[in-house]
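The structure appears right after this line, and notes come after that.
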Amino acid sequence: MPRTDRDERRARILAVVDCIPKGRVASYGQVAREAGLPRHARLVGRVLKDLPAKNPVPWHRVVNSAGKISLRPGSARQRQRLAREGVLFSRSGRIDLARYRWTPLDDDSEPSR
DNA sequence: ATCTTGACTTCGG
DNA sequence: TCCGAAGCCAAGA
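Residues in the first sequence are numbered consecutively from 1, following the working numbering.
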């Protein structure tokens, strides 16, 4: 069990990220809200940044509110992982959130529209 | 306690 | 659509 408040929040954030289905994405802010931590989008980013390589959580399914990859170095890797799951990128490198955004309860289902 | 950082977000122009 | 500014907030130093 998490001992500190910090570990507690970290665990909740990762739990949410772990729920994002293959082929769908969520924004940092969305993950924060669903983890019960509104206004903590940046915390989500920090947690993912410090994520051990061994951790299997689908960190690549988290993008910013503009539908773009926030990772500076390494964006190619994240993009490739998403593409491999069927997530299409626009010419400007953006993901159509209206189409790929994950909403709890949709838990699977192919992207529509 | 104070100041800086940043895998963020929203709002204007 | 593309910035820049402002708002936000936990961590580090």
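Even glycine gets a Cβ: it sits at the ideal position worked out from N, Cα and C. Treat the numbers as computed from the prediction; the structure is a model and nothing was measured.
Check                                                           : Outcome
Pairwise C-alpha distance: L97 and S70                          : 15 Å
Environment of S112 [buried if 16+ CB atoms lie within 10 Å]    : exposed
Beta-carbon proximity of L114 to V62, cut-off 8 Å               : The structure shown does not extend to residue 114, since the chain is modelled only from 1 through 113, so no value can be given for it.
Reference V87; option with closest CA among Y100, R10, G93, R77 : Y100
Opposing strand residues paired with S20 [DSSP bridges]         : The sequence shown places Ile at residue 20, rather than the Ser named in the question. In DSSP, I20 forms no bridge with anything.
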